[in-house]
Every structure is written in C-alpha cells, then in structure tokens.
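Q: Count along the sequence shown from 1, then add 37; that gives the number in the numbering used here. Virtual Cβ for every residue (Gly too), placed ideally from N, Cα, C.
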Amino acid sequence: MQMERVYTVSVSLKASDKSPDQGREAGKNLTLIFCFRMPPTRQEEANLSKIVAQIDHTHLSSNPKFGLRNYRELLPWIQNAMGKDGAGVSEIRLDVDAKTSYRLRI
C-alpha cells in the first residue's frame, strides 16, 4: 500500500476574548491547516493569506461582522471563499484545542 504525500500550510490565529458569539471558545488559539495533494504554488499561498486575513477581520476580531456559534461554521465559509476548485486544497482542518478538531474534505 502506497502512502499519499500531503503538503500542508499551517496558520495560527487568536480568537478575541471580547467576542461573545464564540462562547466558551472565545480567546482560543486556533490552528488552521490546509492540505494539498501537490506542493502549493505561490499564487495558492497568496490566496490562502487573503482568506486567512478575511477570517481574522470578519470572524475573530473583537468586533466581528458575523457571529459564530462555534468554529466549525468557519469551514464552509473558507471553502466558499476558495471557490469551486478549492484552490488546490484537498482538506481543511481546524484545531481548536487538544480535544476539538474539525475537518472538511474538498
């Protein structure tokens, strides 16, 4: 059985303590992991940077535009922001803490 090689881009984010919408998850250090089947191009990495900046500004700031019940709701939003082809991403994983991790296969 041959193992499939996976390339990852990992981003750390900090949720604001002041945002009441995340409830018990407010103030957490989040790790967002994008998995690729092929090495990501510079353009793909640049697109991910823009998406992460939007997430930080729109959802995780102290005055978010959109409230979230939990961080699982970020995954479909990210998928939509990446477009139909998924920007080369095969899976998105969001690690909230040691016990909580969300995955979305594309």
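Does the beta-carbon of His94 have 16 or more other beta-carbons within 10 angstroms, so that it is buried, or is it exposed?
A: Your numbering for residue 94 matches position 57 in the sequence shown. Exposed, since its Cβ has fewer than 16 Cβ neighbours within 10 Å.
Q: For Cys72, tell me which candidate among Ala118, Val48, Glu110, Asn117 has the shortest Cα-Cα distance.
A: For the purposes of this step, residue 72 is identified with residue 35 of the sequence shown, where counting begins at 1. The candidate whose alpha carbon is nearest that of Cys72 is Val48.
Q: What is the rounded straight-line gap between the Cα of Pro113 and the Cα of Leu85?
A: Within the sequence shown, the letter at position 76 stands for residue 113. Within the sequence shown, the letter at position 48 stands for residue 85. Roughly 15 Å separates the two Cα atoms.
Q: With a threshold of 16 other CB atoms inside 10 Å of the CB of Tyr44, please say whether the residue is buried or exposed.
A: As a position in the sequence shown, residue 44 is number 7, starting the count at 1. Looking at its Cβ environment, which holds fewer than 16 other Cβ atoms inside 10 Å, Tyr44 is exposed.
Q: Where DSSP assigns a beta bridge to Tyr44, which residues make up the other side?
A: Indexing the sequence shown from 1 puts residue 44 at position 7. Answer by DSSP bridge pairing, in chain order: Phe73.
Q: Please return the same chain residues whose Cβ sits closer than 6 Å to the Cβ of Ala124, not counting the five positions on each side in sequence.
A: Here residue 124 is taken as the residue at index 87 of the sequence shown, counted from 1. The residues are Glu81, Asn84.
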